[in-house]
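The structure appears below as structure tokens.
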Amino acid sequence: MLLNNRQFGLGALPVLGDFETRSISAENPDGSRAGGAKAAPDDPRHPARELGQGWKVRPCITLDAGSLITLADITGQGLIQHIWITVHPNAYRDCVLRFYWDGETTPSVEVPLGDFFANGHGQRYNVNSLAVAVNPSGGFNSYWPMPFYKSCKITVENQRDEAIDGFFYQITYALGQLPADLGLFHAQWRIGMTTREYPEHVLLDGVKGNGQYVGTFMAWAQFSDGWWGEGEIKFFVDGDAEYPTICGTGTEDYFCGAWGFGDEPFTSLYTGYPLYQREGVKVPKHGLYRWHIMDPIRFHTDLKVTMQALGWWPGGKFQPLTDEIASVAYWYQQEPHAAFPAMPSRNDRLPR
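38 is the number of the first residue of the sequence shown in the numbering used here; add one for each residue after it.
Set out below in structure tokens:
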């Protein structure tokens, strides 16, 4: 069977199994069998007023001001395989995605909409990678496999003081029996300003349990002039205290570039620097991702991840930087998970 063979990629395509493919959208809100395209136009101005039921009557929804909308509420055992969303960029930092597995009361995923798809700073730009693709013009795609054993609930909260029209979404999943020991998908967003005294951003802390770290996205707002990426990433695993087991050699090195990226953005299957913005802005901005698909960081009891913010002083000395860094950490682990830090308010999430 597909999932029992641990095959989630191309190698699984010829393997037939006892699974049902379902898909949730505005046209089929509960993903039920033969439940799509049932809406009928009830407005004399509707584009489908002459075509009637079954002809693109409800392709999207409106997120009312301050509303919490349930996009998916699935009962049973299965695997989220693909998520597609598109909406105006004013939703990217103002809307928060949350995913709940198996009836849990605290989310396993809690990330602003744009940052979840590696679009930081409330901006739209293209990403061409294996796990996340952002295609022209703002088509957000996630291919992270997300298993669940009892239920799956996905919500979006609009924290703007005005409605957001034209929220399009499609959530495709397979229902069927899973192996008993799969890790469940998690993603956590953090934002903070580094300081001269403590030039380090914490991506993840307090993780307890057995799992593996699979991805990093960073939206870096540069408040210090000059080169900003001399700092090292550190993974503290399974009881590490003062010193980490895994230590990088520089920011651009961790994201698999070299020598300051040569000031050249790029996007590829596992790593990318899709946003390099300096001209015409008060605060230079950077967007970077690395997916540990081929090299997951495994942990058994606990995990902490940090990134330093360092540049250069004249005379060849490292300069501690005061930059604003927002990040998404992606990992799989067996439940239960530790509670996340409180999501910062909308004002604290607004781009610089």
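Cβ atoms here follow ideal geometry from the backbone N, Cα and C, with glycine treated the same way.
No experiment lies behind these values; they were computed from the predicted model shown.
TODO: Check Pro321 in the structure and name its three-state DSSP category.
DONE: Your numbering for residue 321 matches position 284 in the sequence shown. Three-state result, Pro321: coil.
- [ ] Locate the alpha helix (DSSP H) running through Leu150, then write down its first and last residues.
- [x] For the purposes of this step, residue 150 is taken as the residue at position 113 of the sequence shown. Going by DSSP, Leu150 is part of the alpha helix (DSSP H) stretching over 150 to 153.
- [ ] For Glu147, count neighbouring Cβ atoms within 10 angstroms of its own Cβ and tell me buried if that reaches 16, exposed if not.
- [x] Residue numbering aside, residue 147 sits at position 110 when the sequence shown is read from its first letter. Glu147 comes out buried.
Open item on the list: If you reduce the DSSP assignment to three classes, tell me which class Gly263 lands in.
Closed with: Taking the sequence shown and counting its residues from 1, the one referred to as residue 263 is at position 226. Here DSSP, grouped into helix, strand and coil, assigns Gly263 to coil.
- [ ] Kindly identify the DSSP beta-bridge partner or partners of Pro357.
- [x] Numbered from 1 along the sequence shown, position 320 holds the residue referred to as residue 357. The partner list for Pro357 (beta bridge, DSSP) reads Leu347.
- [ ] Please list, in chain order, all residues of the same chain as Ser364 whose beta carbon is under 6 angstroms from its beta carbon, the five residues on each side excluded.
- [x] For this step, residue 364 is matched to residue 327 along the sequence shown. Answer for Ser364: Arg227, Leu240, Met255, listed in chain order.
Task: Coil, strand or helix - Gly229 by DSSP - done: Locating residue 229 in the sequence shown gives position 192, counting from the first residue. Gly229: strand per DSSP, three-state reduction.
TODO: Reducing DSSP to helix, strand and coil, say where Pro126 ends up.
DONE: In the sequence shown, counting from the first residue as 1, residue 126 sits at position 89. Annotated three-state conformation of Pro126 is helix, per DSSP.
Open item on the list: Looking at the strands, I want to know which residues DSSP matches up with Ala168.
Closed with: The residue labelled residue 168 in the question sits at position 131 within the sequence shown. Paired residue(s): none; Ala168 is not in a bridge.
- [ ] Measure the C-alpha to C-alpha separation of Ile61 and Leu108 and round it to an integer number of angstroms.
- [x] Counting from one through the sequence shown, the residue named residue 61 turns up at place 24. Counting from one through the sequence shown, the residue named residue 108 turns up at place 71. The C-alpha of Ile61 lies about 8 angstroms from the C-alpha of Leu108.
Task: Boundaries (first-last residue) of the beta strand (DSSP E) holding Asn195 - done: Here residue 195 refers to the residue found at position 158 of the sequence shown. Start and end: 188 to 195.
Open item on the list: For a test of the three-state rule: what should DSSP assign to Leu40, helix, strand or coil?
Closed with: Start at 1 with the first residue of the sequence shown, and residue 40 comes out as number 3. For Leu40, the pLDDT reaches just 48, beneath the cut-off of 50, and the residue's location in the model is therefore unreliable, leaving the point undetermined.
TODO: Can you tell me which of the three DSSP states Asn384 falls into?
DONE: By one-based count along the sequence shown, residue 384 stands at place 347. Of the three classes helix, strand and coil, the one that applies to Asn384 here is helix, per DSSP.
Task: Environment of Ala77 [buried if 16+ CB atoms lie within 10 Å] - done: Taking the sequence shown and counting its residues from 1, the one referred to as residue 77 is at position 40. Around the Cβ of Ala77, a 10 Å sphere holds fewer than 16 other Cβ atoms; the residue is exposed.
Task: Whole-angstrom distance between Leu150 and Ser179, CA atom to CA atom - done: The residue labelled residue 179 in the question sits at position 142 within the sequence shown. The residue labelled residue 150 in the question sits at position 113 within the sequence shown. Taking the Cα positions, Ser179 is about 12 angstroms away from Leu150.
Task: Rounded distance between the beta-carbons of Leu347 and Phe355, thought under 8 angstroms - done: Along the sequence shown, one-based indexing puts residue 355 at 318. Along the sequence shown, one-based indexing puts residue 347 at 310. Under the criterion of beta carbons closer than 8 angstroms, Phe355 and Leu347 qualify as touching, at roughly 5 angstroms.
TODO: Run through the region 80 to 108 for me and flag every whole alpha helix (DSSP H) of 4 or more residues, listed as ranges in chain order.
DONE: Runs found: none.
Open item on the list: Please report the distance separating the alpha-carbon of Gly352 from that of Trp264.
Closed with: Taking the sequence shown and counting its residues from 1, one reaches residue 352 at position 315. Taking the sequence shown and counting its residues from 1, one reaches residue 264 at position 227. Taking the Cα positions, Gly352 is about 14 angstroms away from Trp264.
TODO: Could you tell me if Leu53 is buried or exposed, where buried requires 16 or more neighbouring beta carbons within 10 angstroms of its beta carbon?
DONE: As a working mapping, residue 53 is identified with position 16 in the sequence shown. Looking at its Cβ environment, which holds fewer than 16 other Cβ atoms inside 10 Å, Leu53 is exposed.
Task: Contact test: His337 Cβ vs the ligand NAD heavy atom, cutoff 7 angstroms - done: With respect to the ligand NAD, the structure offers nothing, as it holds no ligand at all.
Open item on the list: Here's the rule: buried if 16 or more other CB atoms are within 10 angstroms of the residue's CB, otherwise exposed. What is Asp300?
Closed with: Counting from 1 along the sequence shown, the entry for residue 300 is found at position 263. With fewer than 16 other Cβ atoms within 10 Å, it is exposed.
Open item on the list: Check for me: the alpha helix (DSSP H) holding Tyr291 runs from which residue to which?
Closed with: Translated into positions along the sequence shown, residue 291 becomes position 254. Unbroken alpha helix (DSSP H) run through Tyr291: 288 to 291.
- [ ] Kindly list the residues whose CB is nearer than 6 angstroms to the CB of Pro51, restricted to its own chain and excluding five residues on each side of it in sequence; keep chain order.
- [x] Taking the sequence shown and counting its residues from 1, the one referred to as residue 51 is at position 14. So the list is empty, once near-sequence residues are dropped.
Open item on the list: Determine whether the beta carbon atoms of Thr286 and Thr58 lie at a separation below 8 angstroms.
Closed with: Sequence index remark: in the sequence shown, residue 286 carries index 249 (1-based). Sequence index remark: in the sequence shown, residue 58 carries index 21 (1-based). For Thr286 and Thr58, no; Cβs fall outside 8 angstroms.
Task: Where Lys471 falls, given that 16 or more other Cβ within 10 Å makes a residue buried - done: Any property of residue 471 remains undetermined from this structure, which presents the chain solely from 38 to 389.
- [ ] Could you have a look at Phe298 and say whether DSSP puts it in helix, strand or coil?
- [x] Translated into the one-based positions of the sequence shown, residue 298 becomes position 261. Under the three-state reduction of DSSP, Phe298 is assigned to helix.
Open item on the list: Which residue marks the beginning of the beta strand (DSSP E) containing Thr253, and which one marks its end?
Closed with: Here the question's residue 253 lines up with position 216 in the sequence shown. 248 to 258 is the extent of the beta strand (DSSP E) around Thr253.
Open item on the list: Assuming contact is defined by CB atoms lying nearer than 8 angstroms, are Ala200 and Thr359 in contact in what I supplied?
Closed with: For the purposes of this step, residue 200 is taken as the residue at position 163 of the sequence shown. For the purposes of this step, residue 359 is taken as the residue at position 322 of the sequence shown. Going by beta carbons, Ala200 and Thr359 fall outside the 8 angstroms limit.
TODO: Name, in chain order, the residues that DSSP records as bridge partners for Gln314.
DONE: Residue numbering aside, residue 314 sits at position 277 when the sequence shown is read from its first letter. As DSSP reads the structure, Gln314 sits in a beta bridge with Lys322.
TODO: Measure the C-alpha to C-alpha separation of Asp55 and Gln214 and round it to an integer number of angstroms.
DONE: Taking the sequence shown and counting its residues from 1, one reaches residue 55 at position 18. Taking the sequence shown and counting its residues from 1, one reaches residue 214 at position 177. Whole-angstrom Cα-Cα distance: 8 angstroms.
- [ ] Could you check if Glu289 is buried or exposed, using at least 16 other CB atoms within 10 Å of its CB as the buried criterion?
- [x] If you number the sequence shown from 1, residue 289 lands on position 252. Glu289 comes out buried.
Open item on the list: Assuming Lys187 and Asp110 are in contact, meaning their beta carbons sit under 8 angstroms apart, how far apart are those beta carbons, in whole angstroms?
Closed with: Taking the first residue of the sequence shown as 1, we reach residue 187 at position 150. Taking the first residue of the sequence shown as 1, we reach residue 110 at position 73. With 8 angstroms as the limit, Lys187 and Asp110 do not qualify as a contact, their Cβ atoms being about 12 angstroms apart.
TODO: Let me know if Glu316 comes out buried or exposed under the rule of 16 or more other beta-carbons within 10 Å of its beta-carbon.
DONE: Taking the first residue of the sequence shown as 1, we reach residue 316 at position 279. Burial call: exposed.
Open item on the list: Helix, strand or coil for Ala63? Go by DSSP, reduced to three states.
Closed with: Position 26 of the sequence shown, counted from the first residue, corresponds to residue 63. Look at Ala63 here: in three-state DSSP terms it is coil, with no helix or strand label.
Open item on the list: Between Gly324 and Ala155, how many whole angstroms is the CB-CB distance? I'm expecting something under 8 angstroms.
Closed with: On the sequence shown, residue 324 is found 287 positions in, with the first residue counted as 1. On the sequence shown, residue 155 is found 118 positions in, with the first residue counted as 1. Contact holds; Cβ gap of about 7 angstroms.
Task: Sub-8 angstroms separation of Asp131 and Arg197 beta-carbons - done: In the sequence shown, the residue the question calls residue 131 occupies position 94. In the sequence shown, the residue the question calls residue 197 occupies position 160. Between Asp131 and Arg197, the C-beta spacing is below 8 angstroms.
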